[in-house]
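Notes follow the structure.
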Amino acid sequence: MSLNGKEVSFTSSDASNEKITAAKMPYKSYRPRSVSTCSTDSCSSASLSEDDIPVRSKIQQNSSGFSDFCIKDIRLKDFGRREIEFAEQEMPGLMSLRKQVMENKPLRGAKIIGCTPITAPTAVLIETLGSLGAELRWCACNIYSTQNEVGAALAEAGFPIFAWRGESVDDFWWCIEKCFEGKNWKPNMILDDGGDATNFCQAKYPSIFKNLIGIVEESTTGIHRLYKLLKAEKLLMPAININNCVTKTKFDNRYSCRESVIVSLKKCTDLMFGAKQIVLCGYGEVGKGCCQSLKGLGCIIYVTEIDPICALQACMDGFKVVKLNEVIRQVDIVITATGNKNVVVREHMDKMKSGCIVCCMSYCHNEIDVAALRTPELKWEKVRSQVDHIR
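Per our numbering, residue 590 is the first one in the sequence shown, and the count goes up by one each step.
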């Protein structure tokens with residue numbers, strides 16, 4: 590894409606948390622590329638001959654004849670099982686819980702719809718809930734983070750899983766709906782990440798919604814949505830706010846994100862971080878974790894923050910607090926971690942220097958106004974898996 594004579598690329602990361610990356614880079618005419626509409630065209634854990642067949646059109650069945658699932662490819666099941674076994678070693682709490690109470694089936698009668706990232710650690714949770722007596726139907730809370738091999742392993746184990754990496758928006762909502770449409774199935778609990786399953790249930794299945802026993806929500810975005818329902822007097826059941834739990838805010842938000850931000854950018858860009866200038870939008874727990882890891886790699890970091898306390902914390906931690914427009918022309922990377930929408934808009938992207946990367950570290954996919962780049966005059970070209978060049 591030509592923006593003030595510069596070229597732009599867009600990439601989407603496939604790390605455990607949902608992330609979007611955009612980059613502006615010089616265009617090399619000698620590099621062969623194929624036209625694409627979005628980077629999720631190539632999102633897959635494996636290159637198999639069936640990749641050209643739409644996932645929803647495949648006839649799927651596991652080795653036991655079970656077919657109530659929709660995943661990328663059941664042949665990835667063995668690889669996925671190894672991934673889950675590795676994750677079990679890092680989750681002694683859940684493994685211990687299985688041993689202690691599995692025989693008593695304390696969750697018998699619980700019918701849970703899950704809408705979270707489909708990753709190996711999530712699979713450990715799913716199988717733990719199942720071993721404790723719960724009935725489950727599960728989908729992904731975003732289109733990027735699903736590990737196809739893990740979905741295959743869960744489907745092979747007999748869990749109704751509806752998720753694959755690189756879903757379209759239509760696929761995403763279809764998968765959520767499939768979680769509500771099981772035979773003789775009436776869910777009584779929702780375990781949500783982002784509030785999509787909760788809002789979908791409230792809008793399309795009000796009779797199910799009003800009879801729910803409870804909702805569990807783990808994201809800032811989802812909690813905001815629950816508070817809106819509460820304010821409108823439409824939240825008719827208990828809702829557990831996992832997001833504000835101290836082990837979530839102080840550990841998951843901070844320490845997990847400080848690792849995943851590096852992994853995500855490395856996978857997408859092969860970038861060397863030393864001496865790169867980075868602006869971090871938002872200095873909450875996620876932003877703090879990102880800054881900590883990036884600082885350790887020798888990056889020069891700026892912070893934008895509207896909350897005065899968080900802004901002061903950034904100053905005390907040694908970071909320069911700025912407005913985005915003050916540094917947008919000079920930075921190499923822009924990272925958003927605010928939970929708000931349109932933090933980075935077309936006006937900002939027009940000013941970015943060639944090679945600037947934009948990464949979203951929160952649940953909100955609309956922190957970066959990617960829609961503003963989907964205009965007729967711009968051409969999207971696939972550079973490699975999950976990397977698109979726009980000119």
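Yeah, the Cβ is synthetic: ideal placement off N, Cα and C, and Gly gets one too. Owing to the predicted nature of the structure, the values given are computational and were not obtained by experimental measurement.
Task: Alpha-carbon to alpha-carbon, N737 and E766 - done: Numbered from its first residue, the sequence shown carries residue 766 at position 177. Numbered from its first residue, the sequence shown carries residue 737 at position 148. Going from the Cα of E766 to the Cα of N737 covers about 20 Å.
Task: Between the CA atoms of G747 and N842 - distance to the nearest angstrom - done: If you number the sequence shown from 1, residue 842 lands on position 253. If you number the sequence shown from 1, residue 747 lands on position 158. Approximately 32 Å between the Cα atoms of the pair.
Task: Opening and closing residue of the beta strand (DSSP E) in which A828 lies - done: Locating residue 828 in the sequence shown gives position 239, where the first residue counts as 1. Where A828 is concerned, the enclosing beta strand (DSSP E) stretches over A828 to N830.
- [ ] With a 10 Å radius around its C-beta and 16 neighbouring C-beta atoms as the bar for buried, classify I890 as buried or exposed.
- [x] Residue 890 sits at position 301 when you count from the first residue of the sequence shown. I890 counts as buried, since at least 16 other C-beta atoms from the protein chains shown sit within 10 angstroms of its C-beta.
- [ ] Spatial neighbours of M691 within its chain, please: CB distance less than 8 Å, with the 5 preceding and 5 following residues excluded, ordered by chain position.
- [x] Within the sequence shown, numbered from 1, the residue matching residue 691 stands at position 102. Cβ neighbours of M691 beyond the five flanking positions: S720 and L721.
TODO: Could you tell me which residues DSSP puts in a beta bridge with W763?
DONE: Your numbering for residue 763 matches position 174 in the sequence shown. BP columns for W763 are empty, so no partner.
Task: Beta-carbon proximity list for N832, same chain, < 8 Å, skipping 5 on both sides - done: Taking the first residue of the sequence shown as position 1, residue 832 is located at position 243. Contacts found: E806, E807, S808, T809, G811, I812 and T838.
TODO: Let me know the secondary structure DSSP gives I732 once reduced to three states.
DONE: For the purposes of this step, residue 732 is identified with residue 143 of the sequence shown, where counting begins at 1. It is coil, neither helix nor strand.
Task: D657 (DSSP reduced to helix, strand or coil) - done: Here residue 657 is taken as the residue at index 68 of the sequence shown, counted from 1. The answer is coil: DSSP assigns D657 none of H, G, I, E or B.
Open item on the list: Taking its Cβ as the centre, do 16 or more other Cβ atoms sit within 10 Å of S685, making it buried, or is it exposed?
Closed with: To locate residue 685, count along the sequence shown from 1; it is residue 96. With a 10 Å radius around the Cβ and a threshold of 16 neighbouring Cβ atoms, S685 comes out exposed.
TODO: Can you check the region 873-940 for any alpha helix (DSSP H) of at least 4 residues that lies completely inside it and give the ranges in chain order?
DONE: Runs found: 874-885, 897-905, 913-916 and 935-940.
Open item on the list: Could you compute how far the alpha carbon of I701 sits from the alpha carbon of D781?
Closed with: The count along the sequence shown starts at 1 and reaches residue 701 at position 112. The count along the sequence shown starts at 1 and reaches residue 781 at position 192. Computed Cα separation, rounded: 10 Å.
TODO: Label N731 either buried or exposed according to how many other C-beta atoms from any shown protein chain fall within 10 Å of its C-beta, with 16 as the threshold for buried.
DONE: Locating residue 731 in the sequence shown gives position 142, counting from the first residue. Note on N731: 16 or more other CB atoms within 10 angstroms of its CB, so buried under the neighbour-count rule.
Open item on the list: Tell me which residues share the same chain as A676 and place their Cβ nearer than 6 Å to its Cβ, disregarding the 5 neighbours each side in the sequence.
Closed with: Your numbering for residue 676 matches position 87 in the sequence shown. For A676, where only same-chain residues beyond five positions count, the Cβ hits under 6 Å are A709, P710 and V713.
Task: Nearest residue (CA-CA) to R814, options W763, E756, L696 and Y952 - done: Locating residue 814 in the sequence shown gives position 225, where the first residue counts as 1. Sorting W763, E756, L696 and Y952 by C-alpha distance to the C-alpha of R814 places Y952 at the top.
- [ ] Within the same chain, show all residues whose beta-carbon is closer than 6 Å to that of P776, passing over the 5 residues directly before and after it, in chain order.
- [x] Position 187 of the sequence shown, counting from 1, holds the residue named residue 776. Take P776, set aside five residues on each side of it, and the residues of its chain with a beta-carbon closer than 6 Å to its own are K700 and I702, in chain order.
Task: From C728, T925 and I660, residue whose alpha carbon lies closest to that of N651 - done: Taking the sequence shown and counting its residues from 1, the one referred to as residue 651 is at position 62. Measuring from the Cα of N651, the nearest candidate turns out to be I660.
Task: Closest residue to L683 among N693, G654, I715 and C728 (Cα-Cα distance) - done: As a working note, residue 683 is residue 94 in the sequence shown. Ranking the options by Cα distance to L683, first place goes to I715.
Task: Member of C768, V911 and L883 whose CA lies at the smallest distance from the CA of E894 - done: Start at 1 with the first residue of the sequence shown, and residue 894 comes out as number 305. Closest option to E894, Cα to Cα, is V911.
Task: Coil, strand or helix - K700 by DSSP - done: Within the sequence shown, residue 700 is the residue found at index 111, counting from 1. Of the three classes helix, strand and coil, the one that applies to K700 here is strand, per DSSP.
Task: Alpha-carbon spacing of C764 relative to C728, whole angstroms - done: Mapped onto the sequence shown, residue 764 falls at position 175. Mapped onto the sequence shown, residue 728 falls at position 139. Going from the Cα of C764 to the Cα of C728 covers about 6 Å.
- [ ] Taking 7 Å as the cut-off, decide whether the C-beta atoms of A926 and G871 are in contact.
- [x] Residue numbering aside, residue 926 sits at position 337 when the sequence shown is read from its first letter. Residue numbering aside, residue 871 sits at position 282 when the sequence shown is read from its first letter. Contact check for A926 against G871 passes: the beta carbons are separated by less than 7 Å.
TODO: Spell out the partners DSSP gives W753 in its beta bridges.
DONE: Here residue 753 refers to the residue found at position 164 of the sequence shown. For W753, which the question treats as bridged, DSSP gives no partner whatsoever.
Task: alpha helix (DSSP H) runs contained entirely in the region 754-818, provided each spans 4 or more residues - done: Secondary structure in the region 754-818: the alpha helix (DSSP H) runs of 4 residues or longer, each lying completely within the stretch, are 758-769, 785-793 and 795-799 in chain order.
TODO: Report buried or exposed for M941, applying the criterion of at least 16 other Cβ atoms within 10 angstroms of its Cβ.
DONE: Against the sequence shown, residue 941 aligns to sequence position 352. Counting of Cβ neighbours within 10 angstroms places M941 among the buried residues, the total reaching 16 or more.
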